[in-house]
Amino acid sequence: MIQYLFESTVALLSFYILYHICLRKETFFQLNRLYLLLMPLLALCIPLLNINIQTTQEVSDLDPWYPVIYQYQQLEQQVWGEMQEGGGAIWQLSLGDVLYWMYWIGVTILLFRLMTSLSQLMWRINCAKQERKAGITYLDTAHNWPAASFFSYVFWRSKSDDEKAKMILEHELVHVRQWHSLDVLLMELWVIIKWFNLSLIHI
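Have a look at this one:
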């Protein structure tokens, strides 16, 4: 598990470097959007590829320390077996075990935070005054919340017809039409899966 996460991190870093060098200044926004959404998914899939390169090697060409290492491994297995037979199962906690459980604790905390945020958002939607026009539900709340959108829902209270208000509303409608909320949810899931990457960046 630890090796898989390390390899996926290296793949994600490689994709990010490629984006920073080649695509960051490009004006093809939909292409950049697709790349940024697929980049984490590819980084998770690449370590799963199993590419075996088999080579034949004579025993004489092996490291001269190979017999010593082999005998040590055999002795280690024998001692371990005797300890299990004499004293029963032995519980050991390695560094890999600590990192493994730390990872899943982080995933659990961030997943709980996401579910809490979604629950609060759904509560706000249900409590707001709703008006549906052209497939879009406008939400008018009693609170002075800023303009925002979530899929086909748009939080909007402004009654002004000035140009600035129209631009803000159109901006939110673009988010709705292009399904930007799905992008946000996907990126939240990537953050949950690879939360330790952000921790290393902050450190």
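106 is the number that the numbering used here gives to position 119 of the sequence shown; each next residue is one higher, with no gaps.
Each residue gets a CB set at the ideal place from its N, CA and C atoms; glycine is no exception.
Remember, it's a predicted structure, so these values are computed and weren't measured experimentally.
Own chain residues within Cβ distance below 6 Å of residue i, not counting five before or after
i: leucine 31; result: Ser(-5)
i: tyrosine -9; result: Pro34
Inter-residue Cα distance where the pair is residue i and residue j
i: leucine 35; j: leucine 28; result: 12 Å
i: leucine 10; j: serine 1; result: 13 Å
i: glutamate 175; j: phenylalanine 16; result: 20 Å
i: valine 141; j: tyrosine 125; result: 5 Å
i: cysteine 114; j: arginine 144; result: 14 Å
i: glutamate 157; j: alanine 134; result: 11 Å
i: isoleucine 123; j: leucine 86; result: 45 Å
i: tryptophan 110; j: aspartate 127; result: 13 Å
i: glutamate 118; j: serine 104; result: 23 Å
i: tryptophan 91; j: valine 161; result: 36 Å
Residue environment, residue i, which counts as buried when at least 16 other CB atoms sit within 10 Å
i: lysine 203; result: Nothing can be reported for residue 203: it is not among the residues displayed for the chain, which extend from -12 to 190.
i: phenylalanine 137; result: buried
i: leucine 82; result: exposed
i: tryptophan 177; result: buried
i: leucine 25; result: exposed
i: glutamate 150; result: exposed
i: leucine -1; result: buried
7 Å CB neighbourhood of residue i in its chain, flanking five on each side removed
i: asparagine 19; result: Leu10 and Glu13
i: isoleucine 179; result: Val94, Leu97, Leu98 and Leu101
As assigned by DSSP and simplified to three states, the class of residue i
i: serine 81; result: coil
Close Cβ partners of residue i (< 8 Å) along its chain, the five nearest in sequence each way excluded
i: tryptophan 166; result: Phe138
| task | Pick out the complete beta strand (DSSP E) segments inside the segment 83 to 137, 3 residues or longer, and give them in chain order. | result | Note on the segment 83 to 137: whole beta strand (DSSP E) runs with a minimum of 3 residues are 116 to 120, 123 to 127 and 135 to 137, in chain order.
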